[in-house]
Each structure stands twice: as structure tokens, then as C-alpha cells.
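These protein sequence lines are chains A and B, in that order. If you're matching positions, the first sequence starts at -11 in the numbering used here and goes up one per residue. If you're matching positions, the second sequence starts at -11 in the numbering used here and goes up one per residue. Taking it in order: structure first as C-alpha cells, then the write-up.
Number of protein chains: 2
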Amino acid sequence: MFSQTVEYALRAVCHLAIQSPKSCTTEEIAKVTKVPTAYLSKVLQGLARNGIVKSQRGIGGGISLVKTPDELTILEVVDAVDPIQRITTCPLGLKSHGENLCPLHKRVDDALAGVQEAFSKTTLAEVLAEPTTSFPLSESVPSQDVDE
Amino acid sequence: MFSQTVEYALRAVCHLAIQSPKSCTTEEIAKVTKVPTAYLSKVLQGLARNGIVKSQRGIGGGISLVKTPDELTILEVVDAVDPIQRITTCPLGLKSHGENLCPLHKRVDDALAGVQEAFSKTTLAEVLAEPTTSFPLSESVPSQDVDE
């Protein structure tokens, strides 16, 4: 139901969030996220066009997040590359329906709304802070609070 | 997020549910659902292959639902033509993750599970029984309980 582009965008942003505020090269992101470089470049262009990432040329440059991971939601990433299209008017173009959806299209739109809401409530920081034995994009879990 | 095929399948099945147990011709369904006949034929083939509709040749024949509308859920229709693909193993193929999804893929899979659950709880009969001023596939609301 989610496109390959959405999957790749989430992986890329996830890696940038882990490295944040450090910037990364496309090659580095491609390697970690296991996304073909050419495809990743297009995804990153979409993310840049929609204000999710920025790229800086020159030494010390690279790609980084525009917001901090605790301000950036999964929904913003998804909507930047492949927006969740809600049903706003009758897909059949029935005049008497208009914006007043029938129960069939209302159920479908409710499902879309549910996804939108769940994604809007989750930030990248939350995803990365969740206790887990499967850390995103990595075979190992980074050591935490080593001074404890 | 839902394909055109899903949208068309839901419309077709909705019309068949309204007419149930009567059978319909492809041309009739195409007209009411505003779906191009060639596209609709493919959608109906998919629905037949997966046991949602059956077609009978000859006089009085046509296409009809296999189940009654109160037994048929939206999820069954969606899964017959364009199944909701849950994430069951790490999309990056990370060995240490396997079936134990990381928090990123868990959130995406949770969204898919939410849609699956909502659709599994809704039958075609429920959709058609819901009080509305926008009756599915129709500019007018059918008169109900005329003997009251």
C-alpha cells in the first residue's frame, strides 16, 4: 500500500536522523539504507524540494535534515514524496454527493485518515528512542548510557 | 494509497451487493460504476478468480456475488484484487532483525494492520444499510420501508 519511494524516503530520513545534526553523502546513505544510488538521489531531491532535507556543497557539506528529529514526523516524510491522498469529493463525480461522501467512500477515506493520524503523531526521534533489539538500519543496537 | 483497481472493485461489488441475489451484466455494472468496460472486465476476472463473484452464462445468467452482502467484507474485496501487504520481515534483509521489525517498520506495519482491521470489520451490507443522503453509486437515495 506504501510505495517503494515512501519506504526509501523513510530509510534515508531515518539515517539522517541518527546522524543529525551531522550531514551525510548520498553514497553513505545509499550504503546504509541499501537503496540503489540513482533511486536514492531522486528520493532525496523530492525530500529537498519539500523542505525535509537540505544539501550543502563543498568540504564539510552534504545532506542533512532541515528540522531536528523530534520535530519531524513520519507523515511529513511520506507526504513529501508520495502524499496520502484523502477522498475529498465523490470519485464517481456524482453531483448530489459532492463532498458528502457515501458510506463506501467514507470507509475508505476513514482508513486513509487513520494512517494519516498515526503517522502525524510519530516523530523520527520517537522511532529512534524506542527500546528495541532491532535498531533501524543496523545489525547491532547502539550502546546507550555507557557511563551508567 | 489504494489503487484504481481497488476503487473499481469496491464499486463493482457494491453494485452487485445492491442487486443481490440478482445477477448483472458487465455492461450494466460498467454503466452504474462509471468504470471503463475493458478495465472492469479485468477487475471482475480478478474477483472471480478469488471467489468473490461468480459468472453464469446463458439466459438469466450474469455476474453475481458468491457470498451474501452481510458475509462479505471490504477487506475480502480489496485482498482479492490488490492485497494489503503487511511487513513480515525486515525489508532491508538485516539478519539480526528478521521477523522482529525495527520501530520504523513496526510503525508502518501498524498502519497497514489498522487498515486491514477496519476493512475486515465492515461488510457490504453494513455499508448499504448506513443512513445517508449520499447512497453509493446513485444520485438518489432509494426509498426505504415504504409500507411504514
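Here a beta-carbon is modelled for each residue, glycine too, at the ideal position from N, C-alpha and C. Treat the numbers as computed from the prediction; the structure is a model and nothing was measured.
Where does residue i land, buried or exposed, given buried means 16+ other C-beta within 10 angstroms?
i	result
Gly50 (chain B)	buried
Ala18 (chain A)	buried
Ile47 (chain A)	exposed
Ala117 (chain B)	exposed
Val129 (chain B)	exposed
Glu105 (chain A)	exposed
Ala26 (chain A)	exposed
Tyr(-4) (chain A)	buried
Thr61 (chain B)	buried
Val64 (chain B)	One detail in the question is off: residue 64 (chain B) reads as Glu in this sequence, not Val. Glu64 (chain B) is buried by the Cβ-count criterion.
Thr110 (chain A)	buried
Where residue i and residue j are concerned, what is the direct C-alpha to C-alpha distance, given to the nearest angstrom?
i	j	result
Phe123 (chain B)	Arg(-1) (chain A)	42 Å
Ile75 (chain A)	Ser84 (chain A)	16 Å
Asp177 (chain B)	Ala36 (chain A)	Look at the range of chain B in this structure, -11 to 136, and you will see that residue 177 (chain B) is not part of it.
Val69 (chain B)	Asp98 (chain A)	20 Å
Val103 (chain A)	Gly86 (chain B)	24 Å
Lys30 (chain B)	Phe107 (chain B)	23 Å
Glu15 (chain A)	Leu28 (chain A)	9 Å
Leu32 (chain A)	Ser131 (chain A)	29 Å
Gly34 (chain B)	Ala5 (chain A)	42 Å
Ala101 (chain B)	Pro119 (chain A)	21 Å
Ala113 (chain B)	Thr77 (chain B)	35 Å
Ile40 (chain A)	Ser52 (chain B)	49 Å
Asn38 (chain A)	Asn38 (chain B)	41 Å
Lys42 (chain A)	Lys42 (chain B)	54 Å
Can you check which of these residues, the options, is closest to residue i by C-alpha distance?
i	options	result
Val115 (chain A)	B:Thr111, B:Arg95, B:Ile47 and B:Glu87	B:Arg95
Thr(-7) (chain A)	A:Glu16, A:Glu15, A:Thr21 and A:Ala5	A:Thr21
Pro79 (chain B)	B:His93, B:Val1 and B:Val69	B:His93
Val23 (chain B)	B:Arg45, B:Leu100 and B:Cys2	B:Cys2
Gln44 (chain B)	B:Leu28, B:Gln73, B:Thr13 and B:Ile62	B:Thr13
Leu125 (chain B)	A:Asn88, A:Val65, A:Gly39 and A:Lys30	A:Asn88
Pro(-10) (chain B)	A:Ile72, A:Ser108 and A:Thr120	Before going on, a small fix: residue -10 (chain B) reads as Phe here, not Pro. Checked all of A:Ile72, A:Ser108 and A:Thr120; the closest Cα to Phe(-10) (chain B) is A:Ile72.
Thr121 (chain A)	B:Pro91, B:Glu16, B:Gly34 and B:Ala5	B:Pro91
Glu127 (chain A)	B:Phe107, B:Leu82, B:Gln33 and B:Leu32	B:Leu82
Could you tell me which residues DSSP pairs with residue i in its beta bridges?
i	result
Cys2 (chain A)	None; Cys2 (chain A) has no bridge partner.
Thr111 (chain B)	B:Thr61
Cys12 (chain A)	A:Ile51
Gln41 (chain B)	Residue 41 (chain B) is actually Val in this sequence, not Gln. Val41 (chain B) is bridged to B:Leu53.
Checklist entry - Is there contact here, the region 49 to 63 of chain B with the region 3 to 21 of chain B, by at least three beta-carbon pairs under 8 Å? => result The region 49 to 63 of chain B vs the region 3 to 21 of chain B: in contact.
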